Amino acid sequence: MWREHTNAMNPNGTRYVVANPRNMKEVFRVERECLTAILLTMNNTATSVTIPIETAPLQEMSTIPWPRLRHLSLRGRFLDGTQTAALRAFLPTLPSLETLLVQAARPKHLGRPRLLGPLDSSSVHGASSSTASGSSSIVVQRLPTPPAILPHLRSLTIAYPSPEDTIFSINAELTELSLCDCPRFYNFFAYGGEHIGPQWGWNVPILNPSQCLSIMRRMPLSRLTKLELVYMVATTPSGNDSDLLTYIGTALPALAHLEIHRYRFHRTERVNHVAIAQALTAVKSLRTVRLNLDFHDDHGPYCGNNAKRERWRDTFMGQRGPEVLAIMQECPLLQHVALLYHGHPSATWVEFQTARCPGPRVVLEYDSEHVDSEPIRMQWLTT
Numbered sequence: 001m002w003r004e005h006t007n008a009m010n011p012n013g014t015r016y017v018v019a020n021p022r023n024m025k026e027v028f029r030v031e032r033e034c035l036t037a038i039l040l041t042m043n044n045t046a047t048s049v050t051i052p053i054e055t056a057p058l059q060e061m062s063t064i065p066w067p068r069l070r071h072l073s074l075r076g077r078f079l080d081g082t083q084t085a086a087l088r089a090f091l092p093t094l095p096s097l098e099t100l101l102v103q104a105a106r107p108k109h110l111g112r113p114r115l116l117g118p119l120d121s122s123s124v125h126g127a128s129s130s131t132a133s134g135s136s137s138i139v140v141q142r143l144p145t146p147p148a149i150l151p152h153l154r155s156l157t158i159a160y161p162s163p164e165d166t167i168f169s170i171n172a173e174l175t176e177l178s179l180c181d182c183p184r185f186y187n188f189f190a191y192g193g194e195h196i197g198p199q200w201g202w203n204v205p206i207l208n209p210s211q212c213l214s215i216m217r218r219m220p221l222s223r224l225t226k227l228e229l230v231y232m233v234a235t236t237p238s239g240n241d242s243d244l245l246t247y248i249g250t251a252l253p254a255l256a257h258l259e260i261h262r263y264r265f266h267r268t269e270r271v272n273h274v275a276i277a278q279a280l281t282a283v284k285s286l287r288t289v290r291l292n293l294d295f296h297d298d299h300g301p302y303c304g305n306n307a308k309r310e311r312w313r314d315t316f317m318g319q320r321g322p323e324v325l326a327i328m329q330e331c332p333l334l335q336h337v338a339l340l341y342h343g344h345p346s347a348t349w350v351e352f353q354t355a356r357c358p359g360p361r362v363v364l365e366y367d368s369e370h371v372d373s374e375p376i377r378m379q380w381l382t383t
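So, in structure tokens, the structure goes:
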């Protein structure tokens, strides 16, 4: 994600000293030429493709068939609007696609991407047709039904999605859905009020609960086993997330793994974590839960003040985690609840294990299984 800083990394590997980024224009040009030469020769055999979206030759890829491609992962950042247009042309040419991940940041001049254009009726979930019968002898010649778009899609991940995107109306039975962010939204609430948005020039059009609910209601999700949502809540009756949490508790019978990142629009709001946990106990199929609840007394990322870090750690470990676990262990299959902890050197998921699971009751690790995201390079404040 932060490739322009790789030539300025400190010898000891720390990632929080801001350095002047290098110009990536020539790097991107050469990389795109190489990817084009490689990818366009493997279209008939490739089953999985993971490439940086900055240099992915999507327009060229859309002009040739990809009959066996089942997994497509695009990471990095959008550079301009031509990439999303090329993606809209490319995706309908992938009849075997099962997994689609578009986890890309976007500069401030770009809005939410739309991955698909308008759909014909055969591709829309729940679409049907009927023909009236009568005595007329007129013969009507029917046009061939166009093929459905992404009929085998089972896993979908989109960062900062557009609620109007028609990809949420395709006739596909998802088992995994992630409406996420990139980069992580918590980076914009760094300790000390040093917000990163203006400095880095990102557009972060985070969803609200109503938009999340609107997207999910358009999709057949009876087989969904894994869900990630990122949204911001306003402190008004129409802006809260009670309807969304109720929907999760009643409409997803197979859901086993849930991850929620819930942010406060008003920074003075005190999160009612007890009510959130109680609402989620309706999901009896849950096995693991991850919650980033943006607590009012959390110091946030990039905090180098040891005294404040110790105070929050005591509250986090001794109160918040055990309180949420005590409520949610009513779910009969639950293994653990994990809360996001802004530790050092990065944010990580701290697991609070139920008594029915073997091993330690609390797991705090900074390995690949628990670290949430790569930190942005910025200074850690100590005051």
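Residues 1 to 383 in UniProt numbering are what the sequence shown spells out, letter by letter. We put the beta carbon where it would ideally sit given N, CA and C, even for glycine. Everything numeric in this text was worked out from a predicted model, so none of it was measured.
Compute the distance between the beta-carbons of residue i and residue j, then report whether it is under 8 Å.
i	j	result
Thr354	His336	yes
Glu176	Lys226	yes
Met317	Leu280	no
Pro95	Pro67	yes
Val274	Gly249	no
residue 386	Leu39	Nothing can be reported for residue 386: it is not among the residues displayed for the chain, which extend from 1 to 383.
Gly321	Leu339	yes
Ile276	Leu252	no
Thr84	Arg154	no
Asp297	Thr268	no
Glu323	Thr348	no
Work out the CA separation of residue j and residue i for me, nearest whole Å.
i	j	result
Phe189	Glu31	33 Å
Arg377	Tyr302	10 Å
Thr36	Val204	30 Å
His71	Phe352	33 Å
Met24	Arg3	8 Å
Arg270	Tyr263	11 Å
Ser128	Pro220	With a pLDDT of 42 at Ser128, under the threshold of 50, the predicted position of this residue should be treated as unreliable, though the coordinate-derived value follows. Approximately 15 Å, taken between the alpha carbons.
Ala148	Asn171	8 Å
Arg223	Leu325	26 Å
Ile215	Thr383	42 Å
Pro198	His152	At Pro198 the pLDDT is 49, less than 50, meaning the model places this residue with poor confidence; the figure from the coordinates comes in the next sentence. Cα-Cα distance, rounded: 40 Å.
Asn272	Leu213	20 Å
Asp243	Ile167	23 Å
Ser169	Gln379	43 Å
Leu156	Cys180	11 Å
His342	Gly201	23 Å
Gln64	Arg313	The question names Gln, but residue 64 is Ile in the sequence shown. Each residue's alpha carbon lies about 54 Å from the other.
Val363	Leu334	16 Å
Arg106	Leu381	27 Å
Met42	Ser62	13 Å
Leu116	Arg88	5 Å
Arg361	Arg22	45 Å
Pro118	Pro209	25 Å
Glu33	Leu150	28 Å
Val27	Leu110	22 Å
Asn305	Arg311	10 Å
Glu331	Arg356	This sequence places Cys at residue 331; Glu is not what is there. Roughly 12 Å separates the two Cα atoms.
Rounded C-beta distance between residue i and residue j? I'm assuming under 8 Å.
i	j	result
Ala307	Ser285	About 42 Å separates the two Cβ atoms, so there is no contact after all.
Asp80	Arg114	At roughly 15 Å, the Cβ-Cβ gap does not stay under 8 Å, so Asp80 and Arg114 are not in contact.
Ile206	Tyr231	6 Å
Ala104	Cys182	6 Å
Ala159	Val102	7 Å
Glu259	Arg290	4 Å
Ile90	Leu58	The residue you asked about is not Ile; residue 90 is Phe in the sequence shown. The Cβ separation is near 5 Å, so the contact holds.
Ser162	Arg112	4 Å
His261	Asn240	That belief does not hold up - the Cβ atoms of His261 and Asn240 are roughly 16 Å apart, past 8 Å.
At a threshold of 7 Å, does residue i count as lining the ligand FMN (C-beta to nearest heavy atom)?
i	result
Arg68	The ligand FMN is not among the ligands present in this structure, which contains no ligands whatsoever.
In the DSSP assignment, what residue or residues form a beta bridge with residue i?
i	result
Ile260	Leu229 and Leu291
residue 394	The structure shown does not extend to residue 394, since the chain spans only 1 to 383, so no value can be given for it.
Ala338	Arg290 and Glu351
Gln103	Arg75
Trp312	BP columns for Trp312 are empty, so no partner.
Leu207	Tyr231
Ser48	His71
Trp380	According to DSSP, which records beta bridges pairwise, Trp380 is partnered with nothing at all.
Given residue i, which residues of its chain have a CB within under 7 Å of its CB, disregarding the five upstream and five downstream residues?
i	result
Leu69	Ala46, Thr47, Val49, Leu94, Ser96 and Leu97
Arg309	His299 and Cys303
residue 386	As displayed, the chain neither begins before 1 nor continues past 383, which places residue 386 out of reach and without an answer.
Ile51	Leu35 and Leu74
Ala132	Legend: pLDDT at Ala132 = 43, less than 50; position of this residue unreliable, value from coordinates given subsequently. Correct list: empty, nothing qualifies.
Ala86	Leu58, Gln59 and Ser62
Residues in its own chain within less than 6 Å of residue i by CB, not counting five upstream and five downstream?
i	result
Ser373	Arg184
Ser346	Val371 and Pro375
Glu228	Ser178, Cys180 and Glu259
Lys108	Gly201 and Asn203
Ile138	Any answer about Ile138 is weak, because its pLDDT of 48 lies below 50 and its placement is not dependable; what the coordinates show is given next. Same-chain partners within the cutoff: there are none.
To which residues of the same chain is residue i closer than 8 Å at the C-beta, ignoring the five residues directly before and after it?
i	result
Ser368	none
Ala256	Thr225, Lys226, Ser285, Leu286, Arg287, Thr288 and Leu333
Tyr247	Leu213, Met216 and Arg217
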